[in-house]
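Below: the structure, in structure tokens.
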Amino acid sequence: MSRELSTPGAPITTPGDEKGLMTSSGSRSLHAAFLQVGGDLDVHANDTKLTGYWDLVYPQQLKVVAAFSVEGFERLGCPVWSYVEGEKLPTLIATLPIYQRELARLWDILEEAGAVVKKGNTFMRGPASSGNIKSGSNSNSASGIRSAKELSEELMAAFPQFASAHGLADLLGPYLAEYLTGQADPIAMLFGSDAGRTLLEDFYANGPDLRAATQRLYEFIAVAIRIPAAASSDEEPFRVLEVGAGTGGTTRHLVPLLQATGLPFTYTFTDVSASLVARAKSSSLLGNVPEVDYRKLDIEEPPPADLVVRYHVVVSSNCVHATRNLGSSLLHIRQLLRPRDGCLALIELTQKLAWYDLVWGLLDGWWLFDDGRTCALQKGASRESRGVYVICGLVAELDQPCPVRATSMLLTTPVPASPLERGCNIFLVPDGSGSGNVFNPLAPLLSTVDNVSIFALNSPFVRNDVAADLELDLNYSPIVEQQAAIYVAELKHRQPEGRYLFGGHSVGGIMAYEMSRQLLEQGDAVEKIFLIDTACLTYGNSLPRVLVDYLEHHSSVPKKGNKNSGSLFKSHYFTLAGRQSAVYKPTRLLGLSIPRYVLFSARHGVQKQTQTPQPEYSLSEKPIV
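Going by full-length UniProt numbering, the first residue of the sequence shown is number 1, and it counts up by one from there.
Structure follows, in structure tokens:
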């Protein structure tokens, strides 16, 4: 069982609070510890200045990487800016076969930046101008074109908290053509130079995305170490093993945290590289800490017998993705864990980043996977907390289920136009009630459509009978991005692959937009989105309070088994929907494969009574109403 440690809305308690960690048998569990420290990763994103990355930093990073790519491609016989929009671009010359996947990714990056457009198996000059990306082999102030190097320096000055990430792209980017043709060695530059090693150490120790996730990992370990101490009368130490410890970015913080508890522990530092293990052991990384030992370990191979079923927790930061087969690697890690109370805690970047693929994509190991992935980082809360995850895998059964799965119900059964014709699915996201029952009136109308199955989604954050109770499960309070990801999971459960068609009513339309963005980021095809009476967030993010009060007095929702009416507008779930809309900031869709959107708007308002006049609205509220 695995879940992201950034569980939305789970209560956070102090490490000394033992009540929440007791199971029915009287022992404490790692799962309970997991739930205790679960919370919004964005708290740490603010502390590390990761917040705003996708809106502010990534667009500029994309331009820099695109500029380095354009300059490199020009030296490989493809001067992109010499062609006009729509012209076919020439094939790159003299590139090595081992970089076939990296070249495909670089073309994708240029397409995302608008510099090129893919037509079949060829690339055409895209709509973006050189002024948009501002790339040139040399600085040319008269034309306004600046080199990628100059753009990179601007980026470093504007966002210094990402200095190591910018620096790594700046280190390798100027020599892209030489690497792709085998005239230079990226490994020597990245790992063999002082500049490369310094940047790598700083990135793993201080990169805002990894540091935000690592802070959450530290909180989990601080609680987890107390579990065996409370459940056992012996002095057995809490055993931790780190996979892929590398330059020690996680180790240098985690070991002092364990020491500070005053409880017995052991820490096994491992890496596949014997030189990195030797360097960590001989360096001043930790000093002389008797609880720490150092081992060479390759998780792509079965572990040595003396390490099997030994550890309470195995941790790994940004490592496991770089293996040939995730299933095999995770199986080997599981063999390290104690069979009844072991736990694996991973930190992984999970979303494609242009600079990441420019740098690590030049290394053979980045593309060695053979387990069905299309990219080393598989999968694309805010975008920040979707881009990096703390993932906790537990060996034992869970103490309590994790109520974070949406459900769906089939509204119409497809009528085949012909036995050979393949049908399609349409998924509908509910409004502020959270219940798919809101779409029941559509069923008779849609049942006559050939080859279409209609599914209505239900929110998991409403108690079982939504129409009856309309009560929010207050243990979880997701934001739009988190709930959209849960809906996407149910959508993929029903239909594993695109092309996807879906839509939403009211706030469900906002969810549908966010779902489309997440699916596109993951590389899925989205054909069409239906927005039914969905507000434009450009005008405002939530209904005016006076309008809610007005509707409260003139609208109601029947409760099951009760002739009285319960107000939708007083329900916890409607309150959640309003809160979600108020803080949601939609971001633009990336790339050029943007789906079609169909907007349905009611001709008449939902409130048809005329006896009571509507309230007065302020100037800022009128566009929303």
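A virtual CB, placed ideally from N, CA and C, is assigned to each residue, including glycine.
S152 and G342 have their alpha carbons spaced roughly 44 angstroms apart.
Within the model, the alpha-carbon separation for L599 versus R499 is close to 19 angstroms. Ranked by Cα distance from V429, the options E348, G423, T407 and A456 are led by A456. Nearest Cα to E111 within the set L155, A66, V84 and S283: A66. Collapsing the DSSP output to three states places I510 in a helix. For I227, the secondary structure class from DSSP, reduced to helix, strand or coil, is helix. Sorting A115, R334, V43 and A45 by C-alpha distance to the C-alpha of S69 places A115 at the top. DSSP, read as helix, strand or coil, puts V289 in coil.
Here DSSP, grouped into helix, strand and coil, assigns D533 to coil.
The DSSP-derived three-state label of G372 is coil.
The Cβ atoms of Q61 and W355 lie closer than 9 angstroms to each other. Residues F159 and F162 of the same chain have their beta carbon placed closer than 7 angstroms to that of V57, with the five preceding and five following residues left out of the count.
With at least 16 other beta carbons inside 10 angstroms of its own, G434 counts as buried.
Between L176 and L190, the gap from beta carbon to beta carbon reaches 9 angstroms or more. The alpha-carbon separation between T95 and I510 amounts to approximately 44 angstroms.
Residue pairing of C78 in beta bridges, as defined by DSSP: absent, with no partner found.
By the neighbour-count definition (other C-beta atoms within 10 Å, threshold 16), R239 is a buried residue. A residue is called buried once 16 or more other Cβ atoms fall within 10 Å of its Cβ, and C536, having fewer, is exposed. About 4 angstroms separates the beta carbons of S164 and F203, which is inside the 8 angstroms limit, making them a contact pair. Per the C-alpha coordinates, the member of E154, A188, T214 and K119 positioned closest to T48 is T214. Residue pairing by DSSP puts T268 in a beta bridge opposite L241 and D293.
By the Cβ rule, the region 477-493 counts as touching the region 573-587, because three or more pairs are nearer than 8 angstroms. Taking 9 angstroms as the cut-off, the Cβ atoms of A345 and V320 do not count as close. A Cβ-Cβ contact shorter than 9 angstroms links L254 with Y218. Between F530 and I426, the CB-CB gap stays under 9 angstroms. Between the region 241-256 and the region 270-290 there are three or more C-beta pairs closer than 8 angstroms, enough to call the two in contact.
In this structure, L210 lies near N318, with their beta-carbon atoms less than 9 angstroms apart.
The DSSP assignment places 116-119 and 122-125 as complete runs of the beta strand (DSSP E) inside the region 44-132, in order along the chain (cut-off: 3 residues). In this structure, L307 and L331 do not form a Cβ contact; the two beta carbons are roughly 14 angstroms apart against a cut-off of 8 angstroms.
By the neighbour-count criterion, in which a residue is buried when 16 or more other Cβ atoms sit within 10 angstroms of its Cβ, D549 is exposed. Within the region 181-228, the runs of alpha helix (DSSP H) that reach at least 4 residues and sit entirely inside it are, in chain order, 186-191, 194-206 and 208-224. According to the DSSP secondary-structure assignment, A456 is paired through a beta bridge with M409 and L428.
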